[in-house]
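Asks:
Residue numbers (my numbering): 7 to 642.
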């Protein structure tokens, strides 16, 4: 794509509806939309309301019809089990048609909800696309989620059917899914009519007669069956993805069909700069929005080969596993979380394992999910010698709000910034009263309505909650709940969630800014800064740091140097005096650091074990370190 970012952004701003109609033309429609946007529908309007289409058709059928059938659609690579499998577009279509037929026989049709509770296996993608084929609404729940959390999602969605696997496999352990699922169904007031179980050889499970059905047997029984795509409105839901809500009740983010396809298809060439046929790898999980958007839908819509990786950045078997996958499968672009690279750097500080692999076809690394600190970006640039591009978006938006669009010609990098707003997003910074602030001033990051195609139109069965959570505080804007600023060149800097802004003796300070300073220390591979309640100053910052293996220096020395770094860069106003070395930081399975939970522990408040936590034991370690410093805590 030869147009520059400035020209494209201006063309969108001058004619938003014309811009998105042009992108929608890249999608197959049963009935082409004549209206781009209807402002009087839903909470803030809907995209392509008169268009009729089908997402599965656009991901599979149209590529087979266009002669791309023998190209690999999915490369499954599981260093945890040793399994590898390449599935062509033709083979993928055949299995999706067979499974869609089986779902249809179980009574699943347009508008019905299907919960998918699966590990990172191809059958999970088959289930997602089979639902899309029928016009059913899938809700993927991260495999291994606690039974109570799974129950709330079954109940809220009123799932007609559940697709699961016998187990998930983590390094050194097998997680049996069936007992969790059975407990969730028992706990839920709403009971699904059936479950379909993919039996994995590593751990098989017993099936309940009359309710549970074997995935492989259903595929075999329906082999060769042609199941047509169900036409759906562009505004019909494709999926519901639940995120943890602040009220304890999960929020079901709704994604529609038409706008979602138009935005994601555009993003593959404009933002990620990949061509149909090339291999794209999002090292995430299908339980998260990155997995939905960039493991499954965007690559397949665009005609790419997508990598389905069942492994970890370290330990499966070592910190070179990402380089092995890139080399072996000729990956053009990788999208992962900064936390993955921090883990690799901790194990292999010099990046020496990269030299063992042929990385000549690799063009770019994209980071999102957590703030990408400059130190991590510069380390990745140094060892990979390709552009390392930070970009920012949310579960709610489904694709990039701000980034550096490689397909439109890279802009100069400013470390600490995900660069500039993408077409579709008019990003502004407001103070708490809703007034615009001057460039460089910290405030609330908002997006002027309407949101572009691909963003959530509402929450599942909760439009009032949607309005209250996102639209009420700043009328005419979508509230991102992130804080930051825009500089004089229009670059956006995300400094923290708005609840991570701390008040130190009347000064509003960003924990993200302090983390940026802390991560500049050569021995610090990962850090988190939280505000701890203080009788004198209101709050004082405390830093938790993970340091390089084998750095050969005392923890005390590193801690003192980190305090001096923050004092030099931010000043005495930060009152930054407390730093603690920890072995690990508590994170969600998607790599987000659980700062809010850490803060509650430090403040001695009641706290609840987050459902999404990767390793619950880490919070006990954090409490012990705080106690050693004389900071009183409460256990869960």
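From the three backbone atoms N, C-alpha and C, an ideal C-beta is built for every residue, glycine too.
Give the single residue among 380, 406, 623, 96 whose Cα lies nearest to the Cα of residue 6.
Replies: What the structure shows of the chain is the stretch from 7 to 642, and residue 6 is not part of that stretch, so it cannot be assessed.
Asks: What is the rounded straight-line gap between the Cα of residue 348 and the Cα of residue 509?
Replies: 29 Å
Asks: Go ahead and label residue 555 buried or exposed: buried means 16 or more other beta carbons lie within 10 angstroms of its beta carbon, across all protein chains shown.
Replies: exposed
Asks: Which of the three DSSP states is assigned to residue 448 in this structure?
Replies: coil
Asks: Who does residue 144 pair with in a DSSP beta bridge?
Replies: 120, 245
Asks: Examine the Cβ distances between the segment 484 to 493 and the segment 60 to 79 and report whether three or more of them are shorter than 8 Å.
Replies: no
Asks: Based on the DSSP secondary-structure assignment, which residues constitute the bridge partners of residue 94?
Replies: Residue 94 pairs with 78.
Asks: Go through its chain and collect everything with a Cβ distance to residue 116's Cβ below 6 Å, but skip five positions before and after it.
Replies: Close CB contacts of residue 116 within its chain, under the 6 Å cut and outside five residues either way in sequence, are with 141, 236 (chain order).
Asks: Give me, in chain order, the residues of the same chain whose beta-carbon lies closer than 8 Å to that of residue 11; leave out the 5 immediate sequence neighbours on both sides.
Replies: 411, 414, 415, 417, 426
Asks: Please name the residue or residues paired with residue 537 in a DSSP beta bridge.
Replies: 547
Asks: How about residue 225 and residue 104: are their beta carbons less than 8 Å apart?
Replies: For the pair residue 225 and residue 104, the CB atoms are nearer than the 8 Å cut-off.
Asks: Residues bridged to residue 436 by DSSP?
Replies: The secondary-structure analysis by DSSP pairs residue 436 across a beta bridge with 442, 450.
Asks: Only counting runs of 3 or more residues, tell me where the beta strand (DSSP E) segments fall wholly within the segment 165 to 212, in order along the chain.
Replies: 167 to 171, 173 to 176, 179 to 182, 200 to 204
Asks: Do you know how far the Cα of residue 340 is from the Cα of residue 438?
Replies: 37 Å
Asks: Evaluate residue 19 with the Cβ neighbour count: other Cβ atoms within 10 Å of its Cβ, from every protein chain shown; 16 or more gives buried, anything less gives exposed.
Replies: Classification of residue 19: exposed, given that the 10 Å Cβ count is below 16.
Asks: If you count every other CB in all the chains shown that lies within 10 Å of the CB of residue 298, and 16 or more means buried, which is it?
Replies: Buried is the call here.
Asks: Helix or strand or just coil, what does DSSP make of residue 427?
Replies: strand
Asks: Among residues of its own chain, excluding the 5 on either side of residue 219, which ones have a beta-carbon nearer than 6 Å to its beta-carbon?
Replies: 202
Asks: With a 10 Å radius around its C-beta and 16 neighbouring C-beta atoms as the bar for buried, classify residue 593 as buried or exposed.
Replies: That one is buried.
Asks: Does the beta carbon of residue 194 fall short of 7 Å from some heavy atom of the ligand FAD?
Replies: Looking for the ligand FAD in the displayed structure turns up nothing, as the structure carries no ligands at all.
Asks: Which residue marks the beginning of the beta strand (DSSP E) containing residue 312, and which one marks its end?
Replies: 311 to 315
Asks: For residue 44, which beta-bridge partners are listed by DSSP?
Replies: Looking at the DSSP assignment, residue 44 forms a beta bridge with 52.
Asks: Looking only at DSSP bridge pairs, what is residue 287 linked to?
Replies: 340
Asks: Name the one or two DSSP bridge partners that residue 127 has.
Replies: In the DSSP output, where bridge partners are listed per residue, residue 127 has none listed.
Asks: Can you give the Cα-Cα distance for residue 532 and residue 553, rounded to whole angstroms?
Replies: One alpha carbon belongs to residue 532, the other to residue 553, and they sit about 7 Å apart.
Asks: Once the 5 residues before and after residue 45 are set aside, which same chain residues still bring their CB inside 6 Å of it?
Replies: Cβ within range, chain order: 51.
Asks: Determine the extent of the alpha helix (DSSP H) in which residue 153 is found, giving its start and end residues.
Replies: 153 to 163
Asks: Do the segment 617 to 627 and the segment 590 to 605 make contact, defined as three or more Cβ pairs closer than 8 Å?
Replies: yes
Asks: Taking residue 517 as part of the beta strand (DSSP E), name the residues at either end of that continuous run.
Replies: That residue, residue 517, is in no beta strand (DSSP E); its alpha helix (DSSP H) goes 517 to 524.
Asks: Measure the alpha-carbon distance for residue 23 versus residue 606 and round it to whole angstroms.
Replies: 45 Å
Asks: Just the C-alpha distance for residue 560 and residue 436, rounded to the nearest angstrom, thanks.
Replies: 44 Å
Asks: Judging by CA-CA distance, which residue of 114, 451, 350 is the nearest neighbour of residue 399?
Replies: 451
Asks: When we look at the beta-carbon of residue 263 and count the other beta-carbons within 10 Å, is it buried (16 or more) or exposed?
Replies: buried
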